[in-house]
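Student: Numbering (the working numbering), first residue to last: 900 to 1069.
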Amino acid sequence: MTSDEEPTTDAVDLWLAWKQANERLRSAIIGDVSAHSDVGEPERTVLIHLHAAGGTLRQNALASATGWDRGRLSHLLTRMEAQGLARRTRLTNGVDVSITTGGEAAWADAERSLRAALERHLLNRLGPDQVMHLRELLRVLSEDRLLPHPAADGLNRTHSRPRVTGTHEQ
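1. How many Å lie between E942 and D912 at the Cα?
2. Could you tell me the boundaries of the beta strand (DSSP E) in which S997 lies?
3. Suppose only complete runs of 4+ residues qualify. What are the alpha helix (DSSP H) ranges in the segment 902-962, listed by chain order?
4. Measuring only the C-alpha atoms, how far is S933 from E980?
5. Which class does L984 belong to by DSSP, given the choice of helix, strand or coil?
6. Leaving out the 5 sequence neighbours to the left and right, which residues in its chain are closer than 6 Å to D931 when beta-carbon positions are compared?
7. To the nearest angstrom, how far is it from the Cα of V1030 to the Cα of E922?
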């Protein structure tokens, strides 16, 4: 292997390690929480964001916070309204999404399981300094400083694939 190949190999190894850790942790945490909650993972994600925002968010802000497209979020919110977990209020300049009393109760129930799963699968496996460093790394990696994919700018159209949305839970 030449020295020119090493960074690529290191980058691929890092990517694979990231994927494996993410998939294992996500699966274990979601599995633990799902075993103790009647609310699905997508619904819990919305409830987390609504609760953290004080109970109400604009629908476009909620879509941005979850990283979901508007269609997927709208479909989920329709289900959540039917379940009594959230309600939408149409405004002249947008839509407010609010957590209901039922949504607060569901979140309170799920939060206990989530905190226990996070302790078990993540926090208890790391020291305080590692948690601090992980939080900082995730903050940096979550910033919107990434360059768009070439296909998103109309470049390299021959290699772009149709965008598939709403195929996995958040």
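Every residue, glycine too, gets a C-beta built ideally from N, C-alpha and C.
Tutor: Looking at the coordinates:
1. Within the sequence shown, numbered from 1, the residue matching residue 942 stands at position 43. Within the sequence shown, numbered from 1, the residue matching residue 912 stands at position 13. Looking at the backbone, the Cα of E942 and that of D912 are separated by about 33 Å.
2. By 1-based counting over the sequence shown, the position of residue 997 is 98. S997 -> beta strand (DSSP E) spans G993 to I998.
3. You should have 905-934 and 940-951.
4. Here residue 933 refers to the residue found at position 34 when the sequence shown is read from its first residue. Here residue 980 refers to the residue found at position 81 when the sequence shown is read from its first residue. In this structure, the alpha-carbon of S933 lies about 20 Å from that of E980.
5. For the purposes of this step, residue 984 is identified with residue 85 of the sequence shown, where counting begins at 1. DSSP, reduced to helix, strand and coil, places L984 outside both helices and strands of the structure shown, so it counts as coil.
6. Here residue 931 refers to the residue found at position 32 of the sequence shown. Beyond the five residues adjoining it in sequence on each side, D931 comes within less than 6 Å, by CB distance, of A1016 in the same chain, given in chain order.
7. For this step, residue 1030 is matched to residue 131 along the sequence shown. For this step, residue 922 is matched to residue 23 along the sequence shown. One Cα belongs to V1030, the other to E922, and the distance between them is close to 19 Å.
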